[in-house]
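Enquirer: The opening residue of the sequence shown carries number 201 in our numbering; numbering runs sequentially from there. Note that the Cβ used here is the ideal one computed from N, Cα and C, for glycine as well.
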Amino acid sequence: MPHPRNILIAYASRLGSTAEVAQTIADEIGAVARWIGDIDNLAGYDAVIIGSAIRYDKWLPEATDFVKTHYSTLQTMPVAIFLTCLTLSHKSPKALQQATRYADSIATTLPHVHTAGIGQFAGVLDYSKMPRRARLLARLVFAFLRVPEGDYRDWQAIRAWAKTTLPRIEQRKSS
Ligand SMILES: Cc1cc2nc3c(=O)[nH]c(=O)nc-3n(C[C@H](O)[C@H](O)[C@H](O)COP(=O)(O)O)c2cc1C
201 MPHPRNILIA
211 YASRLGSTAE
221 VAQTIADEIG
231 AVARWIGDID
241 NLAGYDAVII
251 GSAIRYDKWL
261 PEATDFVKTH
271 YSTLQTMPVA
281 IFLTCLTLSH
291 KSPKALQQAT
301 RYADSIATTL
311 PHVHTAGIGQ
321 FAGVLDYSKM
331 PRRARLLARL
341 VFAFLRVPEG
351 DYRDWQAIRA
361 WAKTTLPRIE
371 QRKSS
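1. How many Å lie between residue 363 and residue 286 at the Cα?
2. Give, in chain order, every unbroken run of the alpha helix (DSSP H) that is at least 4 residues long and sits entirely within the segment 242 to 282.
3. Is residue 267 near ligand 1, with its Cβ less than 7 Å from a heavy atom?
4. Could you round the C-beta distance between residue 249 and residue 280 to whole angstroms and report it? I think they count as a contact, below 8 Å.
5. Tell me the DSSP bridge mates of residue 315?
6. Beta carbon of residue 254: closer than 7 Å to some heavy atom of ligand 1?
7. Give the straight-line distance between the Cα atoms of residue 264 and residue 309, rounded to the nearest whole angstrom.
8. In the DSSP output, what is residue 235 paired with across the bridge?
9. Please report the Cβ distance between residue 260 and residue 212, rounded to the nearest whole angstrom; I am assuming they are in contact, meaning their Cβ atoms lie under 8 Å.
10. Return the chain-ordered list of same chain residues with a C-beta closer than 6 Å to the C-beta of residue 207, the five sequence neighbours on each side being excluded.
11. In the DSSP assignment, find the unbroken alpha helix (DSSP H) run with residue 194 in it and report its ends.
12. Using a Cβ-Cβ cutoff of less than 6 Å, which residues in the same chain neighbour residue 215 once the five nearest sequence positions on both sides are dropped?
13. Rounded to whole angstroms, what is the Cα-Cα separation between residue 217 and residue 324?
14. What does the Cβ neighbour count give for residue 255, buried or exposed, with the cut at 16 atoms within 10 Å?
15. For the alpha helix (DSSP H) that residue 218 lies in, which residues bound it at each end?
16. Would you kindly work out how many angstroms separate the C-alpha atoms of residue 266 and residue 341, rounded to a whole number?
17. List the residues that DSSP assigns as beta-bridge partners of residue 356.
18. Could you check which residue in 303, 228, 349 has the C-alpha nearest to that of residue 327?
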């Protein structure tokens, strides 16, 4: 089955790790990854994958704003979404439940968009990337949450998700 060639990966990322996830997905399926703030319109794209880091239990506001701004267009095309978070640095059922709650709450912001998939990925904790004034609070919060500094991204899982999501997007396009 031919793939829709012009797939956009629209990503929101504050410290860069979600940008790299977006680029990896783009490379895997031959799509284009662009920072969400640079995207004025969706003309010329056949499908969109929207991804964002989770901060304070939510997608970044720029991702939510993007969905609001382009909502009517998003209803007319195949859409998949993904999130990165540090909850998934833990492998417990409780952590999975929490990540699923994030995904569910994002899905409620797209009630009339049939998403072809929701990827949930572990992200990165790197204090050196944070503004100095934010580090102390972050250290306290993540110590409390028992998340050591580290890169928790599972590239194999990210690529596998991209590969399985592509045909789902294609199905939506032709149905
Ligand atoms: C200020 C701040 C708040 C965060 N809030 C959450 C959260 O509520 N839940 C969670 O699972 N991860 C949370 N994270 C972890 C981020 O989702 C994770 O570090 C992600 O990889 C950051 O992506 P970025 O490098 O693209 O900005 C938070 C990180 C920071 C720095």
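Expert: Taking the coordinates as given:
1. Indexing the sequence shown from 1 puts residue 363 at position 163. Indexing the sequence shown from 1 puts residue 286 at position 86. Distance between the alpha carbons of residue 363 and residue 286: 23 Å.
2. 261 to 269, 271 to 274, all fully within the segment 242 to 282.
3. Stepping through the sequence shown from its first residue, residue 267 is reached at position 67. For ligand 1, not one heavy atom lies less than 7 Å from the Cβ of residue 267.
4. The count along the sequence shown starts at 1 and reaches residue 249 at position 49. The count along the sequence shown starts at 1 and reaches residue 280 at position 80. Rounded, the Cβ-Cβ distance is 5 Å, consistent with contact.
5. The sequence position of residue 315 within the sequence shown is 115, counting from 1. Residue 315 has 279 as its beta-bridge partners, per DSSP.
6. Against the sequence shown, residue 254 aligns to sequence position 54. Relative to ligand 1, the beta carbon of residue 254 is positioned inside 7 Å of a heavy atom.
7. Counting from 1 along the sequence shown, the entry for residue 264 is found at position 64. Counting from 1 along the sequence shown, the entry for residue 309 is found at position 109. Going from the Cα of residue 264 to the Cα of residue 309 covers about 8 Å.
8. As a first step, residue 235 is located in the sequence shown; it is residue number 35 there, counting from the start. Bridge partners of residue 235: 211.
9. Here residue 260 refers to the residue found at position 60 of the sequence shown. Here residue 212 refers to the residue found at position 12 of the sequence shown. Right, the Cβ-Cβ distance comes to about 4 Å (below 8 Å), so this counts as a contact.
10. Numbered from 1 along the sequence shown, position 7 holds the residue referred to as residue 207. Within the same chain, and ignoring the five residues on either side of residue 207 in sequence, the residues whose Cβ sits closer than 6 Å to its Cβ are 231, 247.
11. Only positions 201 to 375 of the chain appear in this structure, which leaves residue 194 out of reach.
12. In the sequence shown, residue 215 corresponds to position 15, counting from 1. If you ignore the 5 residues before and after residue 215, its C-beta comes within less than 6 Å of the C-beta of 329, all in its own chain and listed in chain order.
13. Position 17 of the sequence shown, counting from 1, holds the residue named residue 217. Position 124 of the sequence shown, counting from 1, holds the residue named residue 324. Here the alpha carbons of residue 324 and residue 217 stand approximately 6 Å from one another.
14. Translated into positions along the sequence shown, residue 255 becomes position 55. With fewer than 16 other Cβ atoms within 10 Å, it is exposed.
15. Here residue 218 refers to the residue found at position 18 when the sequence shown is read from its first residue. Looking at the DSSP string, the run of the alpha helix (DSSP H) that includes residue 218 is 217 to 229.
16. Taking the sequence shown and counting its residues from 1, one reaches residue 266 at position 66. Taking the sequence shown and counting its residues from 1, one reaches residue 341 at position 141. Roughly 28 Å between the two C-alpha positions.
17. On the sequence shown, residue 356 is found 156 positions in, with the first residue counted as 1. According to DSSP, residue 356 bridges with nothing at all.
18. As a working note, residue 327 is residue 127 in the sequence shown. Minimum Cα-Cα distance from residue 327 among the listed residues 303, 228, 349 corresponds to 349.
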